[in-house]
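Chemist:
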Amino acid sequence: MKKVLIIATIMIAAGAFYTVPKVIGGARAYVFGYPLVVMELTRRGMVEAEGVNRFNHNQVFPDHTFREVVRPNTDTLYSSAWLDLTDGPLQLDTPDTAGRYFVIPLMDAWTNVFASIGKRTRGTGAASYLLAGPDWQGDAPTGMELVRAPTNMVWVIGRIQTNGPDDVASVGVLQQGFRLVPLDNPAPSAHLAKKAAPLSPTNAGLDPYAQIENMPAADFLQLLAQLMAEQPATTRDAPYLQQLVGIGLLAGQRYEIERLSSLDAWLLDTGKRLAHAGVRKALDSRTPENGWRVARSGIGNYGIDYGTRTGVAMIGLGALPPEEAIYPNAISDAQGQPLSGEHRYRIHFPPGQTPPVDAFWSLTMYDANGFLVENPIDRYTLGDRDTLVFNEDGSLDVLIQHDAPLGSQDNWLPAPAGEFAVTMRLYLPRDTVLDGSWRVPGIERL
Numbered sequence: 001m002k003k004v005l006i007i008a009t010i011m012i013a014a015g016a017f018y019t020v021p022k023v024i025g026g027a028r029a030y031v032f033g034y035p036l037v038v039m040e041l042t043r044r045g046m047v048e049a050e051g052v053n054r055f056n057h058n059q060v061f062p063d064h065t066f067r068e069v070v071r072p073n074t075d076t077l078y079s080s081a082w083l084d085l086t087d088g089p090l091q092l093d094t095p096d097t098a099g100r101y102f103v104i105p106l107m108d109a110w111t112n113v114f115a116s117i118g119k120r121t122r123g124t125g126a127a128s129y130l131l132a133g134p135d136w137q138g139d140a141p142t143g144m145e146l147v148r149a150p151t152n153m154v155w156v157i158g159r160i161q162t163n164g165p166d167d168v169a170s171v172g173v174l175q176q177g178f179r180l181v182p183l184d185n186p187a188p189s190a191h192l193a194k195k196a197a198p199l200s201p202t203n204a205g206l207d208p209y210a211q212i213e214n215m216p217a218a219d220f221l222q223l224l225a226q227l228m229a230e231q232p233a234t235t236r237d238a239p240y241l242q243q244l245v246g247i248g249l250l251a252g253q254r255y256e257i258e259r260l261s262s263l264d265a266w267l268l269d270t271g272k273r274l275a276h277a278g279v280r281k282a283l284d285s286r287t288p289e290n291g292w293r294v295a296r297s298g299i300g301n302y303g304i305d306y307g308t309r310t311g312v313a314m315i316g317l318g319a320l321p322p323e324e325a326i327y328p329n330a331i332s333d334a335q336g337q338p339l340s341g342e343h344r345y346r347i348h349f350p351p352g353q354t355p356p357v358d359a360f361w362s363l364t365m366y367d368a369n370g371f372l373v374e375n376p377i378d379r380y381t382l383g384d385r386d387t388l389v390f391n392e393d394g395s396l397d398v399l400i401q402h403d404a405p406l407g408s409q410d411n412w413l414p415a416p417a418g419e420f421a422v423t424m425r426l427y428l429p430r431d432t433v434l435d436g437s438w439r440v441p442g443i444e445r446l
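Take full-length UniProt numbering: the final residue in the sequence shown is number 446, and no numbers are missing along the way.
1. Can you give me the Cβ contacts of N329 inside the same chain, cut-off strictly under 7 Å, excluding the 5 residues immediately before and after it?
2. If we cut at 7 Å on Cβ distances, does S80 have a partner in chain D?
3. List, from N- to C-terminal side, the alpha helix (DSSP H) runs of 4 residues or more that fit wholly inside the region 109-153.
4. Could you give the DSSP three-state label for H57: helix, strand or coil?
5. Is it true that the region 92-99 meets the region 55-73, where meeting means three or more beta-carbon pairs spaced less than 8 Å apart?
6. Could you please give me the residues that DSSP links to W412 through a beta bridge?
7. Could you tell me which residues DSSP pairs with H348 in its beta bridges?
8. Please classify F390 as buried or exposed, where buried requires at least 16 other C-beta atoms within 10 Å of its C-beta.
9. If we ignore side chains and look at the alpha-carbon of each, how far apart do A193 and L83 end up?
10. Quick check on G49: buried or exposed, where buried means 16 or more other Cβ atoms within 10 Å of its Cβ?
11. Alpha carbon to alpha carbon, how far is A210 from S116? Give it in angstroms, no decimals.
12. Closest by CA to R148, which one among G158, E419, F114?
13. If you reduce the DSSP assignment to three classes, tell me which class A368 lands in.
14. Just to confirm the assignment, what range does the alpha helix (DSSP H) spanning A238 have?
15. Assign A197 to one of two classes, buried (16 or more other C-beta atoms within 10 Å of its C-beta) or exposed (fewer than that).
16. If I measure Cβ to Cβ from A109 and keep anything under 7 Å in the same chain, skipping five residues before and after, which residues do I get?
17. Helix, strand or coil: which one does DSSP assign to A233?
18. Would you say the beta carbon of Y366 comes nearer than 6 Å to a heavy atom of the ligand ADP?
19. Name the two residues that bound the continuous alpha helix (DSSP H) containing Q175.
20. Which value, in whole angstroms, describes the spacing of the CA atoms of G123 and V103?
21. Leaving out the 5 sequence neighbours to the left and right, which residues in its chain are closer than 6 Å to T202 when beta-carbon positions are compared?
22. If you follow the beta strand (DSSP E) that W82 is part of, which residue opens it and which one closes it?
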């Protein structure tokens, strides 16, 4: 999903409007700036309660009653933090996880994952890192690796492998070993977490995506200009930004919203609306593989692919790069029919063809709204850490159905009575996954 496809989709949708400079300028600005704006609004909502420059450790294992986010992850527990590196670097300490998988991805203000610390890149031993902003001058202390961020805003979204509800306490102990402290005074008592400005009353209760949808284009551009002054774009973005000068968006300068006429505001709103529709249409037009939608490249490090960057920010903000994890998702069976608990299904892995990963893999069941499904055996996820029963020839059948299968239930992933979706998670996928030579088998209707 490249930026050319996004803009082409917008132009087709715009019809005669595509020749109007402010419409196209508004659309281009939306595609370019959406990730930065959604990051800021997400940050405000989280740090208003949690502060910045400190970890917030999630120690709740989700079940069917969990409603805080859609498609909750039952494979890992999160340790997240919003960093503000304006006043200087922070020391990040990670504990020895004794081989347990973890990853600490560091995401800049534009949603690029500029570094990943964890089992894949550094192993699982205890270590310390110096996280510094783009303008900090200095050297890391002896024995501490310097990790420099492109922006002073950084989102840390750590994941730690969790093997079910009974494992939460053990993970909780490990989480206490992940620490963020100022370099000049590493004593925890000396750390003062900053608070964000509260959300405006008009946005109270709205998630970041709804806030952006409800935001007039002029307000969006004004906020984008403010954020770009604080979290500058890169030099590689200069040619694209030059195309936005015509609508008054200048890097590092205030957006003069008061100079807009009513017609100008309407044209920019039209561009914003068309851009949003164009991105959504491009997301929906992805071709499934055996009924699964899979992204194997381009996530986490976007370069000038602004269309993909915005698309991922819309549906998967905080997504890991493919070399760390891949998440195939299915809402239809191998024949393209919607998945429904009215039918019985199976996923058949031929001998030696279970998902090729260096960490672990899983299948998680979600209802039509993206929530975990209540079932009689309290099973929401099935994968290689479960006691799976293989066939005599070494193949594996995962059974997906609403009613319990006859005989063994070891390979049963319970489905709701109505429509559902299945997400596969592959942590540390091998090259055969990344290059597409191994593909997820289709969900067969029985």
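We treat Cβ as the ideally placed atom computed from N, Cα and C, and that holds for glycine. Note that this is a predicted model, so its numbers are computed, not measured.
Modeler: So, from the data block:
1. W292, R293, A421, T423
2. Note that chain D does not occur in the displayed structure, where there is just one protein chain.
3. Fully enclosed alpha helix (DSSP H) runs of 4 or longer: 119-122.
4. strand
5. no
6. L399
7. D397
8. Per the 10 Å Cβ criterion, exposed.
9. In this predicted model, A193 has a pLDDT of only 47, less than 50, meaning its place in the structure is not dependable enough to derive any value.
10. The question names Gly, but residue 49 in the sequence shown is Ala. Exposure of A49 is indicated by the presence of fewer than 16 other C-beta atoms within 10 angstroms of its C-beta.
11. Cα to Cα, the separation comes out at about 30 Å.
12. F114
13. The answer is coil: DSSP assigns A368 none of H, G, I, E or B.
14. A238 -> alpha helix (DSSP H) spans 238-242.
15. Note that A197 scores 47 on pLDDT, short of 50, meaning its location in the model is unreliable; the coordinates nonetheless yield the value given after this. Exposed.
16. Once the five neighbours on either side are set aside, the close Cβ partners of A109 are L36, M39, T151, M153, Q231.
17. coil
18. Among the components of this structure there are no ligands whatsoever, and the ligand ADP is therefore not found.
19. 168-175
20. 10 Å
21. Confidence in T202 is poor, its pLDDT being 48 and thus under 50, which makes the residue's placement too unreliable to answer from.
22. From DSSP, the beta strand (DSSP E) with W82 extends over 76-84.
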